[in-house]
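Chemist:
Number of protein chains: 4
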Amino acid sequence: MDGFQRRREQKKRNILEAALTLFMEYGIQKVSISEIAKKANVSQVTIYNYFESKHQLIHDVFIYYIEKSYTHFEKIVFADIPFPEKIKQFIFSKKETAKQIHEELYQHLMKEYAQEGNYIESLYAQKVIPLFTHLLNEGKEQGFVDPNLSNEAILFYVKMLSDYMQKEEVYQSILPMTEDITNIFFYGIVGKR
Amino acid sequence: MDGFQRRREQKKRNILEAALTLFMEYGIQKVSISEIAKKANVSQVTIYNYFESKHQLIHDVFIYYIEKSYTHFEKIVFADIPFPEKIKQFIFSKKETAKQIHEELYQHLMKEYAQEGNYIESLYAQKVIPLFTHLLNEGKEQGFVDPNLSNEAILFYVKMLSDYMQKEEVYQSILPMTEDITNIFFYGIVGKR
Amino acid sequence: MDGFQRRREQKKRNILEAALTLFMEYGIQKVSISEIAKKANVSQVTIYNYFESKHQLIHDVFIYYIEKSYTHFEKIVFADIPFPEKIKQFIFSKKETAKQIHEELYQHLMKEYAQEGNYIESLYAQKVIPLFTHLLNEGKEQGFVDPNLSNEAILFYVKMLSDYMQKEEVYQSILPMTEDITNIFFYGIVGKR
Amino acid sequence: MDGFQRRREQKKRNILEAALTLFMEYGIQKVSISEIAKKANVSQVTIYNYFESKHQLIHDVFIYYIEKSYTHFEKIVFADIPFPEKIKQFIFSKKETAKQIHEELYQHLMKEYAQEGNYIESLYAQKVIPLFTHLLNEGKEQGFVDPNLSNEAILFYVKMLSDYMQKEEVYQSILPMTEDITNIFFYGIVGKR
DNA sequence: AATGAATGAGGGTTCATTCAT
DNA sequence: GATGAATGAACCCTCATTCAT
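Chain order of the listed sequences is A, B, C and D.
Here full-length UniProt numbering is used: position 182 in the first sequence is 182, and no number is missing along the way.
Here full-length UniProt numbering is used: position 96 in the second sequence is 96, and no number is missing along the way.
Here full-length UniProt numbering is used: position 138 in the third sequence is 138, and no number is missing along the way.
Here full-length UniProt numbering is used: position 134 in the fourth sequence is 134, and no number is missing along the way.
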C-alpha cells in the first residue's frame with residue numbers, strides 16, 4: 001500500500017471514528033452528515049466521496065465497530081487469567097473500543113445483521129462461536145460450568161449482561177452490586193450450596 | 001368529571017395510544033406529528049392543543065406506558081401461581097400492554113428517568129420496589145431465593161432479562177432455550193447440585 | 001365550491017401560472033422550486049402542500065398548459081373567418097395563452113404523452129382530431145384542400161409550423177416571409193399553377 | 001502538427017465525442033462533467049485543462065456538431081441523384097452524424113447562434129446559403145421549384161422538416177405518411193393540378 | 001375547541017470547479 | 001500534463017411548529 005492509499009485509509013478511518021463516536025453518543029438519526037463532517041474536519045462532500053450515502057456510512061461504521069469488538073473479545077479469551085476473571089471482564093469491563101454504544105446503533109446493527117446475514121453471520125459462526133466454545137470448555141474442565149447447559153444459552157447470558165453494562169445509566173447504578181451480580185451468574189438466585 | 005371532560009380525556013387517550021403504537025413500531029424520530037395526527041384522526045394542531053410540543057408528547061406517552069407496565073407487573077405479583085412461574089412470566093411473557101417496545105423509546109425514557117427522577121423515581125421507590133420485595137420474600141420463604149443476595153441485584157437481573165425478551169429478534173431465537181435460561185437464572189452457570 | 005375551496009384553487013392556479021411562466025422562459029431543470037415559490041409569493045413548502053413533488057408539479061403544469069392550448073384551438077376553428085385565415089392564425093398567431101413555450105417543456109411533455117397516453121391521448125383522439133377534421137372538411141368543401149391527402153399528414157404540417165413559430169428566434173426571422181410560407185403551405189414549392 | 005499535438009487533438013476529440021453522445025441522449029443539464037470524464041476515460045480535471053468550463057465545453061461541442069452536419073449537407077447536394085431525391089434525403093434521412101439530436105442541445109445551440117452570431121452566422125452566410133442556392137437553382141431549372149418563391153422561405157421549410165424528423169417520437173409516427181408529406185412539400189395542401 | 005394553510009430551519013445529496021501532488 | 005481529493009453552493013424535500021379562520 002503506497003502513501004496515497006495509506007493517507008486515504010487514514011482519512012476514511014477518521015471519518016468512521018468520528019461517526020462512531022457521535023452515533024454512540026446521540027444515536028444515528030440525530031447525527032447529521034454535516035456534524036460528522038465537522039467532527040472529522042472534512043467537508044460533507046468528502047464523506048460522500050468515501051461512503052456513497054449516509055446509509056452506507058452507517059453500515060461501514062457497523063462493520064468497523066464489530067471488528068473492534070471481536071478483537072477485544074479475542075484478547076480476553078486468550079488472556080492469562082483465571083476463568084472467573086475472564087467472565088467478569090466480559091461482563092463488567094468497559095471496553096476501551098466499544099465504550100458505550102448507543103442502543104439505537106445496536107438496534108440498527110441488529111437489523112443489518114438479520115438482513116445481510118452475510119458478513120456478521122459468518123463472523124459469528126466461524127469465529128465468535130468457536131472462541132466462546134473454547135472459553136466454556138476451559139470453564140467446564142475447571143468445574144465452573146454445568147456441562148448440561150447449552151453453550152448457546154450461556155453465550156446469550158454473557159452477551160446480555162455485557163450489552164446491558166454498556167448503558168451508562170445501568171453501569172453506574174450496578175457497580176456497587178458487582179459481587180452479587182457475579183454470584184447470581186455463577187450460582188443463580190438460589191445461591192451457592 | 002362531566003361529559004365534556006370525559007370526551008376530552010378520551011381524545012387525549014386516543015392520541016397517546018396512537019403515538020405509543022407508532023413509537024414502538026418505528027422509533028420516536030421516524031414518527032412525525034403528522035403521522036400521529038392521521039392515526040389518531042385529529043389535526044396536527046389538536047395535538048399541540050393537548051400536548052404543547054413533541055417533546056412533551058413523548059414524555060406523556062412515557063408516563064402512560066409506565067403506568068400500563070406497572071399494572072401488568074402488579075397482576076403477576078398477586079397472581080395465584082407458584083413463585084417460579086411468576087418469575088418465568090416476568091421474563092418470558094410478551095406483555096399484552098408493552099408488546100415489543102422499540103429500543104429507542106426505552107432509551108429516551110431512561111434519559112428522562114435519569115433527568116427528571118421525579119415521577120418515575122418515586123413510582124419505583126414507593127411502588128415497584130415494595131412490590132418486588134414482597135415477591136422476593138415469597139421466594140425466600142419457599143427456598144427459591146438465596147437470602148444473602150440483595151434485592152436490587154435480583155431486580156436488576158429480572159429487569160434485564162425481561163427487557164431483553166422484548167426485542168423481537170432475541171425473543172425468537174431464545175425461545176428454544178427457555179429451559180436453560182430459567183435454570184441459569186435459578187442455579188447459575190455452575191448448575192444445580 | 002365554498003370560499004375555502006375557491007381560495008385554494010386560486011392559489012394553486014397562481015403557482016401553476018408562475019411555474020409555467022418560468023418553465024417556458026428558462027426550461028424545467030434550470031428553474032428551482034425556490035424560484036417558483038418566490039414568483040408565486042408563497043413558501044417552498046406550500047408548493048409541496050399542493051403538489052407533492054417537483055415531478056408532479058411539472059405534470060400538472062403540463063395538463064394546465066394543454067387545456068389552455070386546446071381552448072385556444074377551439075376558438076379559432078369556430079371563428080367567423082375564412083378558411084385560409086384560420087390556417088394562418090394557427091401557424092402565425094402568437095397565442096396569448098401559450099406564448100413561447102420552451103422547447104424543454106415541450107420535450108418533457110411529449111415523454112409524458114408517450115408514457116401516460118391516458119389523458120393527452122384521449123384528449124387528442126376525442127377532441128382535437130374531430131375538431132381538426134371539422135376544419136379540414138370546411139377546407140375541402142371550399143377547394144382549399146386536396147381530398148387525396150390524409151388528415152394526419154396535414155395535421156402534422158400545421159402542428160409543425162405552429163410549434164416552430166413558437167421559437168422566438170425563428171418567429172422574428174420568419175415574419176418577413178409570411179407570404180411565401182403560406183404559399184408553400186397551400187401550393188407547395190412547385191407553386192400555384 | 002507533431003505527434004504531441006496530434007495526441008492532444010485526439011484526446012480533445014474523444015472528449016467532444018463523449019460529450020456530444022451524452023448530450024444528445026440525455027440533454028445538457030442532466031449530464032455531469034464526471035459522466036463525460038468517465039465516458040471519455042479521462043479525469044474531470046483533464047476536461048478542464050482542455051475546455052476551461054462546462055459552458056465552454058458545450059460551446060465547443062456545438063461547433064463540432066455543426067461542422068459535422070455541414071459536411072453531411074454538402075454530400076447530399078453534390079450527390080448524383082435526382083433533385084426530388086435530394087430533398088427527400090434532407091427531410092427524411094436520419095443523418096449518421098446527427099442521429100437524433102436532443103432538443104435541449106438544439107435549443108442551447110440556437111441561443112448561442114443568436115448571441116454569438118459570429119461563427120455560425122458566417123458559416124451560414126458564406127457556405128450553407130450558397131450551397132442551398134446551388135441546390136435550388138438545380139430545382140428551378142428542372143421545374144421543381146417555383147421561381148417566385150424566396151430561397152429563404154424554402155430553406156426554412158426544409159430545415160424545419162429536417163429538424164422535426166430528428167425527434168424520435170415524430171419520426172416513428174410520421175414514417176407511414178412519407179408520401180403525403182413529400183407531396184405537400186412539393187404541391188401544397190391544395191394538391192397537384 | 002378544532003382545523004386547513006403556511007412556514008423557517010434543517011437534512012441528505014449532487015455538481016461544477018479548484019487544490020495539491 | 002494528468003490525476004485523486006476536496007469543497008461551496010445549490011437543490012429537493014421533510015418536519016415541528018404557528019397563523020388565521
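For each residue, glycine too, the CB sits at the ideal point set by N, CA and C.
Model, not experiment: these values are computed from the prediction.
Quick test of the definition: if touching needs 3 or more C-beta pairs under 8 Å, does the stretch 9-23 of chain B touch the stretch 7-24 of chain C?
Modeler: Contact fails: fewer than three Cβ-Cβ distances are below 8 Å.
Chemist: What is the DSSP secondary structure of PHE144(D), counted as helix, strand or coil?
Modeler: If you number the fourth sequence from 1, residue 144(D) lands on position 144. Three-state DSSP puts PHE144(D) in coil, outside helix and strand.
Chemist: Determine which residues of the stretch 129-162 of chain D have a Cβ less than 7 Å from any Cβ of chain C, and write them out in chain order.
Modeler: Correct list: PHE144, VAL145, ASP146, ASN148, LEU149, SER150, GLU152, ALA153, ILE154, PHE156, TYR157, MET160.
Chemist: For ILE81(B), is the classification buried or exposed, using 16 other Cβ atoms within 10 angstroms of its Cβ as the cut-off for buried?
Modeler: Against the second sequence, residue 81(B) aligns to sequence position 81. Burial call: exposed.
Chemist: Does any CB atom of chain D fall closer than 7 Å to the CB of GLN100(C)?
Modeler: Position 100 of the third sequence, counting from 1, holds the residue named residue 100(C). Residue confidence for GLN100(C) is low, a pLDDT of 48 falling below 50, so the modelled location carries little weight; the figure read from the coordinates is stated next. No - not a single Cβ of chain D is within 7 Å of the one on GLN100(C).
Chemist: Starting from the Cα of VAL31(C), find the closest Cα among LYS39(C), LYS38(C), LEU22(C) and give me that residue.
Modeler: Sequence index remark: in the third sequence, residue 31(C) carries index 31 (1-based). Taking only the C-alpha atoms, the option nearest VAL31(C) is LEU22(C).
Chemist: Let me make sure I understand the geometry here. Which of ALA153(A), THR178(A), GLN166(A) has the alpha-carbon closest to that of ILE189(B)?
Modeler: As a working mapping, residue 189(B) is identified with position 189 in the second sequence. Closest option to ILE189(B), Cα to Cα, is ALA153(A).
Chemist: Could you check the C-alpha separation between LEU38(C) and LYS54(C) for me, to the nearest Å?
Modeler: Here residue 38(C) refers to the residue found at position 38 when the third sequence is read from its first residue. Here residue 54(C) refers to the residue found at position 54 when the third sequence is read from its first residue. A small fix is needed here, since residue 38(C) is Lys in this sequence, not Leu. Going by the C-alpha atoms only, they are around 15 Å apart.
Chemist: Measuring CA to CA, which of LEU149(D), ASP180(D), TYR171(D), TYR157(D) is closest to ASP180(C)?
Modeler: Along the third sequence, read from residue 1 onward, the residue named residue 180(C) stands at position 180. Selected option, being the one with the closest Cα: LEU149(D).
Chemist: Measure from the C-beta of PHE186(D) to each C-beta in chain C and report whether the shortest distance is under 7 Å.
Modeler: In the fourth sequence, counting from the first residue as 1, residue 186(D) sits at position 186. True, the Cβ-Cβ gap to chain C drops below 7 Å.
Chemist: May I have the straight-line CA-CA distance separating PHE132(A) from LYS86(A), to the nearest angstrom?
Modeler: Numbered from 1 along the first sequence, position 132 holds the residue referred to as residue 132(A). Numbered from 1 along the first sequence, position 86 holds the residue referred to as residue 86(A). Whole-angstrom Cα-Cα distance: 11 Å.
Chemist: PRO176(D) lies in the alpha helix (DSSP H); which residues open and close that run?
Modeler: Sequence index remark: in the fourth sequence, residue 176(D) carries index 176 (1-based). Element bounds for PRO176(D): n/a, residue is neither H nor E.
Chemist: Express the C-alpha separation of PHE51(A) and GLN172(D) in angstroms, rounding to a whole number.
Modeler: Residue mapping note: residue 172(D) aligns to position 172 of the fourth sequence, counting from 1. Residue mapping note: residue 51(A) aligns to position 51 of the first sequence, counting from 1. Those two C-alpha atoms are separated by around 44 Å.
Chemist: Taking 7 Å as the CB-CB cut-off, is VAL190(D) touching chain C?
Modeler: Walking along the fourth sequence from the start, residue 190(D) turns up at place 190. Chain C contact via Cβ: present.
Chemist: Expressed to the nearest angstrom, what Euclidean distance is found between the alpha-carbon atoms of VAL158(B) and LEU155(A)?
Modeler: One-based indexing of the second sequence puts residue 158(B) at position 158. One-based indexing of the first sequence puts residue 155(A) at position 155. About 18 Å.
Chemist: Quick one: which residues of the stretch 23-42 of chain B get their C-beta closer than 8 Å to a C-beta of chain A? List them in chain order.
Modeler: Taking 8 Å as the Cβ-Cβ cut-off against chain A, the residues of the stretch 23-42 of chain B that qualify are GLY27, GLN29, LYS30.
Chemist: Give me the Cα-Cα distance between LEU123(B) and ILE129(B), rounded to the nearest whole angstrom.
Modeler: As a working mapping, residue 123(B) is identified with position 123 in the second sequence. As a working mapping, residue 129(B) is identified with position 129 in the second sequence. Using only the alpha carbons, I get a separation of about 9 Å.
Chemist: Which residue from SER43(D), ILE36(D), PHE83(D), GLU74(D) puts its Cα closest to that of VAL61(D)?
Modeler: Residue mapping note: residue 61(D) aligns to position 61 of the fourth sequence, counting from 1. Comparing Cα positions, the closest option is ILE36(D).
Chemist: Give me the Cα-Cα distance between residue 198(C) and ILE28(D), rounded to the nearest whole angstrom.
Modeler: A query on residue 198(C) cannot be resolved here, the shown segment of chain C reaching from 1 to 193 and no further.
Chemist: Just the Cα atoms here: how many angstroms apart are HIS59(B) and ILE91(B)?
Modeler: Walking along the second sequence from the start, residue 59(B) turns up at place 59. Walking along the second sequence from the start, residue 91(B) turns up at place 91. Roughly 26 Å between the two C-alpha positions.
Chemist: Let me know the secondary structure DSSP gives ALA37(D) once reduced to three states.
Modeler: Locating residue 37(D) in the fourth sequence gives position 37, counting from the first residue. Reduced to three states, the DSSP call for ALA37(D) is helix.
Chemist: What's the call for LEU175(D), buried or exposed, on a 16-neighbour Cβ count within 10 Å?
Modeler: The sequence position of residue 175(D) within the fourth sequence is 175, counting from 1. Classification for LEU175(D): exposed.
Chemist: For the alpha helix (DSSP H) that contains ILE15(B), what are its first and last residues?
Modeler: Position 15 of the second sequence holds residue 15(B). It spans 3-26 - the alpha helix (DSSP H) in which ILE15(B) sits, taken as one unbroken run.
Chemist: Hey, quick one: how far does the alpha helix (DSSP H) through SER162(A) stretch, first residue to last?
Modeler: Locating residue 162(A) in the first sequence gives position 162, where the first residue counts as 1. Residues 151-165.
Chemist: Let me make sure I understand the geometry here. Which of GLY3(D), VAL42(D), THR71(D), PHE185(D) has the alpha-carbon closest to that of ASP146(D)?
Modeler: Against the fourth sequence, residue 146(D) aligns to sequence position 146. Nearest of GLY3(D), VAL42(D), THR71(D), PHE185(D) to ASP146(D), Cα basis: PHE185(D).
Chemist: By DSSP, does PRO82(B) sit in helix, in strand, or in coil?
Modeler: In the second sequence, counting from the first residue as 1, residue 82(B) sits at position 82. Coil at PRO82(B), not helix or strand.
Chemist: Is it buried or exposed for GLY3(D), if we count other Cβ within 10 angstroms and need 16 for buried?
Modeler: Walking along the fourth sequence from the start, residue 3(D) turns up at place 3. With fewer than 16 other Cβ atoms within 10 Å, it is exposed.
Chemist: Which whole-angstrom value is the C-beta distance of MET165(C) and TYR164(D), which I expect to be below 8 Å?
Modeler: Taking the third sequence and counting its residues from 1, one reaches residue 165(C) at position 165. Taking the fourth sequence and counting its residues from 1, one reaches residue 164(D) at position 164. With 8 Å as the limit, MET165(C) and TYR164(D) do not qualify as a contact, their Cβ atoms being about 13 Å apart.
Chemist: Roughly how many whole angstroms lie between the Cα atoms of LYS140(A) and VAL77(A)?
Modeler: Translated into positions along the first sequence, residue 140(A) becomes position 140. Translated into positions along the first sequence, residue 77(A) becomes position 77. Approximately 15 Å, taken between the alpha carbons.
Chemist: Measuring straight from C-alpha to C-alpha, what distance separates GLY191(C) and MET177(D)?
Modeler: On the third sequence, residue 191(C) is found 191 positions in, with the first residue counted as 1. On the fourth sequence, residue 177(D) is found 177 positions in, with the first residue counted as 1. Those two C-alpha atoms are separated by around 22 Å.
Chemist: Pop quiz: PHE83(A) and GLN10(A) are said to be a contact at Cβ under 8 Å. What is the actual Cβ separation, rounded to whole angstroms?
Modeler: As a position in the first sequence, residue 83(A) is number 83, starting the count at 1. As a position in the first sequence, residue 10(A) is number 10, starting the count at 1. Contact doesn't hold; Cβ gap of about 39 Å is too wide.
Chemist: Leaving out five residues before and five after GLU96(C) in sequence, what residues of the same chain have Cβ atoms less than 6 Å from its Cβ?
Modeler: Position 96 of the third sequence holds residue 96(C). Any reading at GLU96(C) needs caution, since the residue's pLDDT is 49, under 50, leaving its predicted position unreliable; the model's value is listed next. Closer than 6 Å at the Cβ level, and outside the excluded window around GLU96(C), lies no residue.
Chemist: Please report the distance separating the alpha-carbon of ASN183(A) from that of ASN137(B).
Modeler: Here residue 183(A) is taken as the residue at index 183 of the first sequence, counted from 1. Here residue 137(B) is taken as the residue at index 137 of the second sequence, counted from 1. Cα-Cα distance, rounded: 19 Å.
Chemist: Helix, strand or coil: which one does DSSP assign to ILE87(A)?
Modeler: Along the first sequence, read from residue 1 onward, the residue named residue 87(A) stands at position 87. ILE87(A) falls in the helix class under three-state DSSP.
Chemist: Between which two residues does the alpha helix (DSSP H) carrying LYS30(A) extend?
Modeler: For this step, residue 30(A) is matched to residue 30 along the first sequence. Neither: LYS30(A) is in no alpha helix (DSSP H) and is coded neither H nor E.
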